[in-house]
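S.K.: Each residue of the sequence shown is one higher than the last, beginning at 9 in this note's numbering.
Glycine included, C-beta positions come from ideal geometry on N, C-alpha and C.
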Amino acid sequence: MLAGKTASEIFDNIRHLVQSGGLQPGEVLPPVRELASQLAVNRNTVAAAYKRLVTSGLAVSQGRNGTAIKARDTLPALEGGDPTTPLNDISSGNPDPARLPDLPRYLGQIARTPRLYGDAPIEPRLGQWAEAWFAREIAVPFAVNLASGAIDALERLLCALLLPGDGVVVEDPCFLSSINMVRYAGFTPCPVAVDAEGMDPDGLEEALRNGARAVILTPRAHNPTGCSLTETRAHALREVLARYPQVLAIVDDHFALLSATPWHSPLPASTQRWALVRSMSKTLGPDLRLAFIASDAATSAALRLRLNAGSQWVSHLLQDLTLAWPDRRGVYRLDDGDSSSLSPAE
């Protein structure tokens, strides 16, 4: 039986009924006016409870058909394909194992001093290398953080700066792990079409006009289409984003270390909340979960709070392995000294 006198009490009551089986997936809740009369409360109280049910993922709004209990989520399609099929899935994004570096050979070069609580979350030399790398494309002040891979970086950024239910513009088609993350983190995907030059500017404009709070853009090697932003399209996207400076703009440049495609930034100078994410997983292998995040100071501060509440840092063993690998092609070669040893790789 539905009960409660405040929005929180009504929400908690319905939540308990869902978890105990008293309300089943697909079951439609009473209309707002009817339940308000039944409970002798204001209609706005019931409406607030229903809104919270929707934003928390317990219910779905069906317009004129009312609010219904949400169907239970099923396991989504995952990156990497189905191991039971004889088909060769060329969309998985997996690198050729034969072309990955032999990381165990560098284990002897990692630091032998144990890292302790309170130590700097980023190995200083790795931080120097990352800053020099990002500085080639970023002309404004920025801060660098680490996450356990690009998808982990995207999730932490969204959770640090958005509220449950907020709209997030994603590419259509979208990388499976990205859109799964957006959905299961409690945000609303706002798909915008992608063509050979990148995301459609008109579609982005419409999504932002309708209230989307963030956008995730892939500048190079978009999965699954393989397209990269052209200079013309990047300029068009900058013009759109310039009209929405408060929108969180995340650039997922996951293929940066391997791409021969020129960098064209979709970020306008007026964007106040932005982040550029670059991963080592495509270069050193998917099992090395390490991604760099360059962002403005305010975004970095919010992200640090989110990181500190969880894992706090990426394993220094992974950071040391990244430093030990001598061939960071196309970026910088870090020899064995101070910042003066940072030089363009040959």
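Look at the Cβ atom of PRO270, then the Cβ atom of LEU245, and state whether they are nearer than 8 Å.
M.R.: no
S.K.: At least one CB of chain C closer than 8 Å to the CB of PRO109: is that the case?
M.R.: Judged by its chain identifiers, the structure shown contains no chain C, having just a single protein chain.
S.K.: Please state if the CB of PRO227 and the CB of ASN102 are separated by a distance shorter than 8 Å.
M.R.: no
S.K.: So for THR307, helix, strand or coil by DSSP?
M.R.: helix
S.K.: What three-state label does DSSP hand ALA353 in the structure shown?
M.R.: With a pLDDT of only 32 at ALA353, under 50, the local geometry of the prediction cannot be trusted, and no value is derived from it.
S.K.: For TRP333, does the three-state DSSP call read helix, strand or coil?
M.R.: coil
S.K.: Would you say the segment 211–231 touches the segment 243–261, given that touching needs at least three Cβ pairs under 8 Å?
M.R.: yes
S.K.: Please report the straight-line C-alpha distance between GLU213 and ILE18, rounded to a whole angstrom.
M.R.: 37 Å
S.K.: What distance in whole Å lies between the Cβ atoms of PRO172 and THR63, which are believed to be in contact at a cut-off of 8 Å?
M.R.: Contact between THR63 and PRO172 holds, with the beta-carbon distance rounding to 5 Å and staying under 8 Å.
S.K.: On the CB-based measure, 16 or more other CB atoms within 10 Å of its CB, does ASP260 come out buried or exposed?
M.R.: buried
S.K.: Starting from the C-beta of PRO33, find all residues in its chain whose C-beta is less than 7 Å away, skip the five residues before and the five after it, and write them out in chain order.
M.R.: Cβ within range, chain order: ILE77, LYS78, ALA79 and ARG80.
S.K.: Under DSSP, the beta strand (DSSP E) around ILE258 begins and ends at which residues?
M.R.: 256–260
S.K.: Quick check on SER185: buried or exposed, where buried means 16 or more other Cβ atoms within 10 Å of its Cβ?
M.R.: buried
S.K.: Could you spell out where the beta strand (DSSP E) holding LEU355 opens and where it closes?
M.R.: Since the displayed the chain opens at 9 and closes at 354, residue 355 lies outside it and no answer follows.
S.K.: At what residues does the alpha helix (DSSP H) containing LEU266 begin and finish?
M.R.: Counting along the chain, LEU266 falls outside any alpha helix (DSSP H), and DSSP gives it neither H nor E.
S.K.: Does the segment 136–154 come into contact with the segment 180–197, if we say contact requires no fewer than three beta-carbon pairs (one atom in each stretch) closer than 8 Å?
M.R.: no
S.K.: What are the boundary residues of the beta strand (DSSP E) that includes CYS182?
M.R.: No beta strand (DSSP E) holds CYS182; DSSP gives it neither H nor E.
S.K.: What do you reckon, are the CB atoms on LEU284 and ALA302 nearer than 8 Å?
M.R.: yes
S.K.: Are the CB atoms of LEU298 and LEU154 within a distance shorter than 8 Å?
M.R.: yes
S.K.: For VAL339, does the three-state DSSP call read helix, strand or coil?
M.R.: Only weak support is given to the placement of VAL339: the predicted model assigns it a pLDDT of 42, under 50, and the question is left unresolved by the model.
S.K.: Would the C-beta of LEU298 count as close to the ligand NAD, meaning under 7 Å from any of its heavy atoms?
M.R.: Within the structure as shown, the ligand NAD is missing, as the structure has no ligands at all.
S.K.: Could you check the C-alpha separation between HIS230 and PRO39 for me, to the nearest Å?
M.R.: Looking at the backbone, the Cα of HIS230 and that of PRO39 are separated by about 44 Å.
S.K.: Nearest to TRP321 by CA position, among VAL148, ILE130, ILE118 and GLY116, is which residue?
M.R.: ILE130
S.K.: Hey, quick one: how far does the beta strand (DSSP E) through TRP282 stretch, first residue to last?
M.R.: 281–287
S.K.: Given ALA250, which residues of its chain have a CB within under 6 Å of its CB, disregarding the five upstream and five downstream residues?
M.R.: PRO276 and SER278
S.K.: If you measure between the beta carbons of ASP328 and ILE146, is that distance less than 8 Å?
M.R.: no
S.K.: Please name the residue in VAL49, GLU163, CYS198 and CYS167 whose C-alpha comes closest to that of ASP180.
M.R.: CYS198
S.K.: Could you spell out where the alpha helix (DSSP H) holding PRO209 opens and where it closes?
M.R.: Looking at the DSSP string, the run of the alpha helix (DSSP H) that includes PRO209 is 209–217.
S.K.: Measuring straight from C-alpha to C-alpha, what distance separates THR53 and ILE224?
M.R.: THR53 and ILE224: Cα-Cα distance of roughly 35 Å.
S.K.: Indicate the three-state DSSP secondary structure (helix, strand or coil) for PHE300 in the structure shown.
M.R.: strand
S.K.: If distances are taken between C-alpha atoms only, which option among ARG164, SER273 and SER45 comes closest to SER7?
M.R.: With the chain running from 9 to 354 in the structure shown, residue 7 is simply not present.
S.K.: For ALA161, tell me which candidate among ASP110, PRO149 and TRP282 has the shortest Cα-Cα distance.
M.R.: TRP282
S.K.: For ILE77, which three-state DSSP category applies?
M.R.: DSSP places ILE77 within a strand segment (E or B) once states are collapsed to three.
S.K.: Drop a sphere of 10 angstroms on the beta-carbon of LEU61, count the other beta-carbons inside from all chains shown, and report buried for 16 or more, exposed for fewer.
M.R.: buried
S.K.: What is the DSSP secondary structure of TYR235, counted as helix, strand or coil?
M.R.: It is worth fixing the name first, because residue 235 is Cys in this sequence and not Tyr. Residue state, collapsed to three classes: coil.
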